[in-house]
Each structure stands twice: as C-alpha cells, then as structure tokens.
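Residues 11 to 239 in the working numbering are what the sequence shown lists, from first letter to last. Structure, as structure tokens:
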Amino acid sequence: MSRSQTEIAQQVVESILAQKLAPGERLGEQDLADLFGVSRTLVREALMQLQARGFVEVRSRRGWYVIEPSVEEARDAFSARRIVEAGILASAAEEGRPLQALTRRLRAHIADEQNAIEGADAATRAFLLADFHVCLAESMGHRSLSDVLRDLTARTTLAASLYQSRHEASQSCAEHTAIVEALEAGDLALARDRLLAHIGHVEEALRPDTPRSHDRLRDSLSPLARSAG
11 MSRSQTEIAQ QVVESILAQK LAPGERLGEQ DLADLFGVSR TLVREALMQL
61 QARGFVEVRS RRGWYVIEPS VEEARDAFSA RRIVEAGILA SAAEEGRPLQ
111 ALTRRLRAHI ADEQNAIEGA DAATRAFLLA DFHVCLAESM GHRSLSDVLR
161 DLTARTTLAA SLYQSRHEAS QSCAEHTAIV EALEAGDLAL ARDRLLAHIG
211 HVEEALRPDT PRSHDRLRDS LSPLARSAG
C-alpha cells in the first residue's frame, strides 16, 4: 500500500526509536521508493522533512544518511529532554491534574515493556522503552510536547546506539515503574526526581569512545509488532 510523505517520515522515526535504523545508515531514495511503493519525489520530500527535524543529512555525491550525533549534540538532546519532561510534571502539579487515568495507561505500557523484555523482539522492546516518555506526555494532555519529545527521544536513541549505551532494558523498565509508583502515590516531586535520575542514568551509560554503524535498510524499516492496547 502506498504511503504518504508524513507516514514515511514517521516510519523512519519509529525505526530509529526501535534501534532498527542505526546512525550513519544510508537511506537510498530508490530503495525507499520500492519499499513503500511510492515515487522517488515523495521519498525525497519525506527525507527533506526528516532533515529539517534533524534526523538525516545529505552527503555530497553519496546520498541520504541517518545522522551520527556528536557527543555534544547527544548531551544537548538529553538536556532538552530533562527540561521538557520535568516541565510536564511541574505543570501537572500546578494544575492539580488527577493521576488515576494517567497511571493506568502507564501501567499498561510498562506491562508491554515487560512482555517485550521477556520475549525475543528486541526492536519492539527498544521502541516501547523509548515511547514510555512520549506516552507520559500524551497522558498528561501535552500532545504538542509529545511530538517534540518523540523527536528528542529519537535523537538520544541514536546517541545510545552510536555510543553503545550500557543501560540495560530491565533497568529502564524498573526505573519507569518507580516513576509510576511515585505518581500513584500522588508525589509529583518524587516522580520528577526519579524521572530526571532515569534520564541521567541513560546519558551516563553512553560510551563515546566506541561508536558503531550499520547498513541494513530493508530489515530496519519493517513494521513493529506492537500491542493494540
């Protein structure tokens, strides 16, 4: 089935979040056109959209590539995430927003994370762990910020892939659980502290001295097997 420009761009971002597209991976226009059943013009428009969002770059006479963030760019993305995510929780405290419906959705998300960790689907596991933060923003009613946060999380995911993060999936899931437990207790200050600590742990786990890259386009952009819930 033919895809739109926005759908192609979204699939690329989801594949980055799932760590199926690696930093430095080549995105051939014709390969993408064949894969999505669209024209090269539409693919080029999608890639230009992704370039504006900071995910791909054009290399002279070589084509389009997924960006390879520098250590400074990675640190900047983590810093931006801290500002956005802490602000989301601060706004919830100011508004006195009820947290019951929010925590139910996040508990369901964590259950999906745990199932993915126990299973063999590494891509879905990586996507769900990254998407927890977007889910938190959406649950708080910040749809515009959730789009911003999705892009920031994808950038830090690229950094984690490039610099071979030592942060384990089970550790991330446990830290997500601790954040939700604080929310369930109505302690937004503790939830914020745990959230910031979690982001810090992920950042500290980067190993900037050991970058890597891949070149496996078709497998990278295959759809994710996500829970309907």
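Glycine included, every Cβ here is placed at the ideal spot set by N, Cα and C. As the structure is a prediction and not an experimental result, all values here were calculated from the model.
- A residue is called buried once 16 or more other Cβ atoms fall within 10 Å of its Cβ, and Ile93, having fewer, is exposed.
- Counting only runs of 4 or more residues that sit fully inside the region 143-188, the alpha helix (DSSP H) segments are 153-172, in chain order.
- The C-beta separation of Cys183 from Glu123 comes to about 5 angstroms, placing the pair in contact by the 8 angstroms criterion.
- A distance below 7 angstroms between beta-carbons, with the five flanking residues on each side excluded, links Val190 to the following residues of its chain, in chain order: Thr113, Leu116, Arg117 and Ile120.
- Leu37 is not a Cβ neighbour of Ala136, given a cutoff of 8 angstroms.
- Ala170 is the residue among Leu216, Ala170, Gly151 and Asp86 whose C-alpha sits nearest the C-alpha of Leu31.
- In the three-state reduction of the DSSP assignment, Leu37 falls in the strand class, which pools E and B.
- Rounded to whole angstroms, Ala56 and Ile18 show a C-alpha spacing of 6 angstroms.
- With respect to Glu24, Val76 sits apart: the two C-beta atoms are not nearer than 8 angstroms.
- The alpha carbon of Ala111 has as its nearest neighbour, out of His208, Arg50 and Met150, the alpha carbon of Met150.
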